[in-house]
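Read through the structure below, which is laid out as structure tokens, and then see the notes.
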Amino acid sequence: DDNSGRKVITFSCCRMPPSHQLNHTRLLEYLKYTLDQYVENDYTVVYFHYGLKSLNKPSLKWLQTAYKEFDRKYVSKIFVLPSIIFQSLLTISFSFPRYKKNLKALYVVHPTNFIKILWNIFKPLISHKFGKKITYLNYLSDLREHLKYDQLSIPQEVIRHDENLRGKQKGKLTAVVKVPPPRPPLPTQQFGVSLQYIKDKNKGELIPPVMKETVSYLKRKGLQVEGLFRRSASIQTIKDVQKLYNQGKSVNFDDYHDIHIPAVILKTFLRELPQPLLTFDCYDHILGITSVESSLRVTRCKQIIQGLPEHNYIVLKYLICFLHMVSQESIYNRMTASSLACVFGLNLVWPSKGTASLSALVPLNLFTELLIDFYTNIFNSRTVPGE
Numbered sequence: 001d002d003n004s005g006r007k008v009i010t011f012s013c014c015r016m017p018p019s020h021q022l023n024h025t026r027l028l029e030y031l032k033y034t035l036d037q038y039v040e041n042d043y044t045v046v047y048f049h050y051g052l053k054s055l056n057k058p059s060l061k062w063l064q065t066a067y068k069e070f071d072r073k074y075v076s077k078i079f080v081l082p083s084i085i086f087q088s089l090l091t092i093s094f095s096f097p098r099y100k101k102n103l104k105a106l107y108v109v110h111p112t113n114f115i116k117i118l119w120n121i122f123k124p125l126i127s128h129k130f131g132k133k134i135t136y137l138n139y140l141s142d143l144r145e146h147l148k149y150d151q152l153s154i155p156q157e158v159i160r161h162d163e164n165l166r167g168k169q170k171g172k173l174t175a176v177v178k179v180p181p182p183r184p185p186l187p188t189q190q191f192g193v194s195l196q197y198i199k200d201k202n203k204g205e206l207i208p209p210v211m212k213e214t215v216s217y218l219k220r221k222g223l224q225v226e227g228l229f230r231r232s233a234s235i236q237t238i239k240d241v242q243k244l245y246n247q248g249k250s251v252n253f254d255d256y257h258d259i260h261i262p263a264v265i266l267k268t269f270l271r272e273l274p275q276p277l278l279t280f281d282c283y284d285h286i287l288g289i290t291s292v293e294s295s296l297r298v299t300r301c302k303q304i305i306q307g308l309p310e311h312n313y314i315v316l317k318y319l320i321c322f323l324h325m326v327s328q329e330s331i332y333n334r335m336t337a338s339s340l341a342c343v344f345g346l347n348l349v350w351p352s353k354g355t356a357s358l359s360a361l362v363p364l365n366l367f368t369e370l371l372i373d374f375y376t377n378i379f380n381s382r383t384v385p386g387e
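If you're matching positions, the sequence shown starts at 1 in the UniProt record's numbering and goes up one per residue.
Below you can see the structure in the form of structure tokens.
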């Protein structure tokens, strides 16, 4: 199951035998048999694109047969595209009207640029609602944010391919590129400047205005929204909102009619801090959390955050208090402490040089999950101004 309790169907292209060895009639029957077991309820599809080659691509003739077979019961004609690769993806994996209703997410792992280009070309023909269900994931680690990764059966070929991709990126800054603020920063600058700078320019207020406003808005209107902090938002809209904040102008999130915009703005603010909220000094200590005995981990978390500068501690406490509230509504929003940790872990701490390694994700997310789950216990011994 995924993090929302939905059944997960995986399709691995590398498992496709050469076309001349494949009984396509039996494949068609197998696809229908597999899908029919799950489509009456909400479900998720994970499509591993690696391994689709000229030798094992479904032929155009077979795709036409599949189209006719699924036409009335399953397939929407708009998804039969003039590309064998994309037809394979859409026709085989998920594009059946009977199935579209309950398909809640499609994760395309290791997509090629060609697939992305084709998707953009044919996107106008596809309903906006359905298009929002599709998420591209460049690395297997990205699945952890959405699924119970350890329960997936992933072919070794896909794992090795992922490792090769990671190896090629080793030493490169693959994280979101931070846009540096103007020099000198605007007096009203919010993004890309230190907590101290924001405090000094806001009459000593300890909680940055952008944090206070997004958290306040989400408390009022977003606590029970399914997938809060998981969904993306228009990049241009996010840039526009950032610009308004940086210019000291007011932002009314009601004007955007999208609850995920303030959620993305909050994550972006944390990610663009010059130094992570949990500080560079804490990074190595946090990585060691997995070596601590399970019964002592909460105590160790408490020790680590006690070493934070007071301002960082106050802002962290404010944020984690809110995330704890979100997790308490997980029956509605499907965002447990574990799910939130996958989203916020790398937004709260990262190494001073380069990017976090794949192996670092486990302790970083575990630490964040403990902060959220045991918020009351961890933050109860250090008082902050105003309490």
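Using N, Cα and C, we set each Cβ at its ideal position, and we do this for glycine too.
So residue i and residue j are supposed to be a Cβ contact under 8 Å. How far apart are they, rounded?
i	j	result
His161	Val108	Contact flag wrong, Cβ pair sits at about 14 Å.
Pro187	Lys201	5 Å
Val215	Phe379	Rounded, the Cβ-Cβ distance is 16 Å, inconsistent with contact.
Pro155	Cys14	5 Å
Tyr43	Lys104	7 Å
Ala233	Val210	15 Å between Cβ atoms; not a contact.
Tyr245	His324	In fact, because the Cβ distance is near 25 Å, the residues do not count as touching under 8 Å.
Val349	Leu278	4 Å
Val8	Leu106	Actually they do not touch by this definition, with Cβ atoms about 11 Å apart.
Arg144	Cys342	5 Å
Leu347	Leu270	The displayed chain sequence assigns Asn, not Leu, to residue 347. 4 Å between Cβ atoms; contact.
Within 10 Å of its beta-carbon, does residue i have 16 or more other beta-carbons around it, so buried, or fewer, so exposed?
i	result
Thr34	exposed
Ser327	buried
His257	exposed
Asp373	buried
Phe344	buried
residue 448	Shown here, the chain extends from 1 to 387; a query on residue 448 therefore has no answer.
Leu195	buried
Tyr332	exposed
Leu296	exposed
Gln224	exposed
Ser12	buried
Leu358	exposed
Ile207	buried
residue 390	Nothing about residue 390 can be read from this structure; the chain reaches only from 1 to 387.
Glu369	buried
Lys317	buried
Gln242	buried
Thr10	buried
Ser352	exposed
Pro18	exposed
Arg230	buried
Phe367	buried
Leu228	buried
Gln306	exposed
Return the first residue and the last residue of the beta strand (DSSP E) that residue i is part of.
i	result
Leu103	103-109
Tyr47	43-48
Run through DSSP, which three-state label would residue i get?
i	result
Lys353	coil
Leu218	helix
Thr234	Checking the sequence shown, residue 234 turns out to be Ser, not Thr. Looking at Ser234 - three-state DSSP - the assignment turns out to be coil, as it is neither helix nor strand.
Thr188	coil
Phe280	helix
Thr336	coil
Val239	The sequence given here has Lys at residue 239, not Val. In this structure, Lys239 counts as helix in the three-state DSSP scheme.
Ile207	coil
Val326	helix
Lys212	helix
Phe379	coil
Arg183	coil
His311	helix
Gly345	helix
His20	helix
Glu163	helix
Thr290	helix
His257	coil
Thr112	coil
Asn252	coil
Lys317	helix
Leu244	helix
Glu29	helix
Leu358	helix
Would you mind reading off the limits of the alpha helix (DSSP H) that contains residue i?
i	result
Lys7	Taken as a continuous stretch (DSSP letters only), Lys7 belongs to no alpha helix (DSSP H), being part of the beta strand (DSSP E) at 7-12.
Gln37	Taken as a continuous stretch (DSSP letters only), Gln37 belongs to no alpha helix (DSSP H), as it is neither H nor E.
Thr268	260-271
Thr299	297-306
Val362	361-373
Tyr197	195-200
Quiz item: At what residue ranges does the region 133-160 contain a whole run of the beta strand (DSSP E), taking only runs of 3 or more?
Solution: 134-137
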